[in-house]
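Residue numbers (the working numbering): 36 to 473. Positions of the beta carbon are idealized from the N, C-alpha and C atoms, including for glycine. Treat the numbers as computed from the prediction; the structure is a model and nothing was measured. Data block below; observations after.
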Amino acid sequence: MPWASAVEAVILAAGFGRGLEPVTHTRPKPLVPVLDRSLLEVHLDALREVGTVKKVVVVANYLIDKVREKVLNIQGRYPFELRVVDEGRPLGTAHALLKGLEAVDDDEVLAIYVDSIYATRDLLGIATSSSPYLVAAFKVDDPRDYGVLICDPLGFVKDIVEKPSQLISNVVNAGVYKFRADVVKYLEKVEPSPRGEYELTDAVRLLSRCGAPVRSFELRYWRDVGRVWKYLEYSVEVLGEQVRGQTILGRVEEGARISGPVYVGEGAEILSGTYIVGPAYIGRGAVIGPNAYIRPGSIILDNSRIGFSVEVKESVIMEQVHASHLSYIGDSIVCEDVNLGAGTILANLRLDEKEVKVRIKGVKVSTGRRKLGGLVGGHAKTGVNVSVNPGVKLGAYSRVFPGLTIYEDIPPCHVVRSDGSTSPLPKEGCPIDTTIWS
């Protein structure tokens, strides 16, 4: 059967998603929401549009039961076979692909990172290319956080330099590949990297050094959503693309005003005095107001409550969140089942107006944004009049006593008391494995 008529794909989705904390404290990377879909569904929808896919293997491990449940619920929507493979302990992208290839039947396969987003036309171009080995490439302004591709004049990949300190090229590895099945022997030869993982990029280097014709394929579109502020930016981008007019399926009380492109889902209520300026997305069963102000770029998912005199600006508010009184949520992410006490402020601008930094794996990283607010994990609670400084994380199931200002990240399942001291919650109050995030 010709290549173009039968494509199989492996979606690499097994890591813990440290760059997406605190979202991933309570949900795996493939199930991070993008409006009314998950990241996994974004990929599956794109692969469906490619039109030649017959099987998709999802390699997972962290919270894998949630991934399996999701796949079971959605598999009937797709014309290809869907399988979930357990990587076991996540040991890196090369190890994950090895596990995924055990479920692949074809001689050629696409390998896709779940926390990067690609256009269907690019995936189709890679799938139908006559080249046996392809590495997706994309030009960026600042390549220091990526693997930089070193290619010859004909586009053959000669090396991949991880996170170079000096500018050697602005063409980076974008995390989608095409391989022949014989890549297995190169994956098996990969040694642990300095961070202790088996890296897929090392397998690509081995392929190239052994004379395999590894070519670069320049993408026309790519979004890296592996860091929490990048995820926020992508969500707002999708909002602007998908909500272009007004769709009002819920109830809007007299005295509420809706301006611009706004989606209001079934069973949602927009109460009197509320002003919504699009683009904005209000999910099913959400209640907004009275007298709330929803500014452009706001995404409020199912069954959340944004109450009296609460202002939301360019934020993702996930399912069943309660911000009922006198709060400000700016350029923030608030995960599921969070309760923000009256007067809680998620500030989005530093006093000195410098770029906001976020701590990733213990290191503060500049986001390139002047405005970025609080990042609140699932099931967290704040008391009244709590202020969270820009870029600060409240871990899942955390608790913050009233009247406090939070300057540093709070680990998941910890409580911050009125004297500023922090201590872990009792085990019965913490249903997640906190050792992953220490």
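Three-way DSSP call (helix, strand, coil) for residue i in this model
i	result
SER243	helix
ASN374	strand
ALA146	strand
HIS360	strand
GLU226	coil
LEU132	helix
MET36	With a pLDDT of only 31 at MET36, under the threshold of 50, the placement of this residue in the model should not be trusted; the figure read from the coordinates follows. Coil, per DSSP.
GLY160	helix
PRO65	helix
ALA44	strand
TYR269	helix
ALA49	coil
ASN108	helix
ARG452	coil
GLU346	strand
VAL219	helix
Through-space distance from residue j to residue i, alpha-carbon basis
i	j	result
GLU455	CYS465	Checking the sequence, you will find Gly at residue 455 rather than Glu. Computed Cα separation, rounded: 21 Å.
ALA238	GLU122	18 Å
ALA216	GLY135	11 Å
SER228	ASN326	54 Å
MET36	VAL299	A caution first: MET36 carries a pLDDT of 31, below 50, which makes its placement in the model too unreliable to give a value.
PRO65	LEU189	35 Å
VAL419	GLU43	52 Å
ASN383	GLU288	31 Å
ILE109	GLY231	35 Å
GLU388	GLY332	21 Å
TRP396	GLY290	With the sequence shown as reference, residue 396 is identified as Lys, and Trp is not the correct amino acid for it. Distance between the alpha carbons of LYS396 and GLY290 is about 47 Å.
ARG156	VAL85	7 Å
LYS399	GLU443	11 Å
SER164	LEU375	51 Å
GLY403	TRP264	9 Å
ARG124	GLY313	43 Å
ASP71	ASP141	33 Å
TYR233	GLY295	48 Å
GLY308	VAL119	47 Å
SER453	PRO459	15 Å
ALA303	ASP180	41 Å
SER344	SER166	58 Å
SER251	ASP187	10 Å
ILE317	GLY275	14 Å
LYS406	TYR266	15 Å
LEU117	VAL175	33 Å
GLY54	GLY365	20 Å
CB contact check: residue i to chain C, cutoff 9 Å
i	result
SER359	This model lacks chain C altogether, as it is built from one protein chain only.
Proximal residues to residue i (C-beta, below 6 Å), its chain only, five neighbours per side dropped
i	result
ASP471	Looking at the sequence provided, one finds Ile at residue 471 rather than Asp. Taken in chain order, the residues that qualify are PHE51.
ILE311	ILE293, VAL297, ILE329
VAL356	SER339, VAL369, VAL373
GLY438	ASN420
TYR212	ALA146, VAL170
ASP194	ILE185
ARG258	ILE152, TYR269
GLU197	GLY182
ILE380	TYR363, SER422
Beta-carbon spacing of residue i, residue j below 9 Å
i	j	result
ALA1	ARG434	The first residue shown for the chain is 36 and the last is 473, placing residue 1 beyond what the model contains.
TYR328	GLU301	no
ILE441	VAL450	no
ILE368	SER350	yes
ASP177	GLY261	no
PHE173	SER243	no
ILE185	ALA171	no
LEU235	THR128	yes
VAL278	ALA315	yes
ILE305	ILE323	yes
LEU158	ALA209	no
LEU132	LEU202	no
VAL183	VAL144	no
ALA358	GLY342	yes
GLY378	SER401	no
TYR256	PHE214	no
ALA41	VAL92	no
Any non-hydrogen atom of the ligand SAM within 8 Å of residue i CB
i	result
LEU386	With respect to small molecules bound, the structure shown includes none, and the ligand SAM cannot be examined in it.
7 Å Cβ shell around residue i - same chain, five flanking residues per side excluded
i	result
ARG385	VAL391, PRO425
HIS60	GLY412, GLY413, GLY430, ALA431, PRO447, ILE467, TRP472
GLU463	none
MET353	PRO68, LEU336, VAL369, CYS370, GLU371
ARG83	TYR113, PRO114
THR417	LEU375, GLY376, THR379, VAL435
Contacting residues, own chain, Cβ-Cβ under 8 Å from residue i (five flanking each side not counted)
i	result
PRO63	ALA48, GLY52, ALA95, TYR97, LEU98, ILE99, LYS101, VAL102
SER73	PRO65, LEU66, VAL67, LYS105
ALA39	Low local confidence applies: a pLDDT of 49 at ALA39 is under 50, so the model's placement there is unreliable, with the coordinate-based value given in what follows. Counting only Cβ-Cβ distances below 8 Å, and skipping sequence neighbours, we find THR87, ALA162, THR163.
- Hey, is the stretch 85-103 in contact with the stretch 280-297, meaning 3+ C-beta pairs nearer than 8 Å? no
- Query: Any chance the stretch 110-124 sits against the stretch 76-87, with 3 or more Cβ pairs inside 8 Å?
  - Reply: yes
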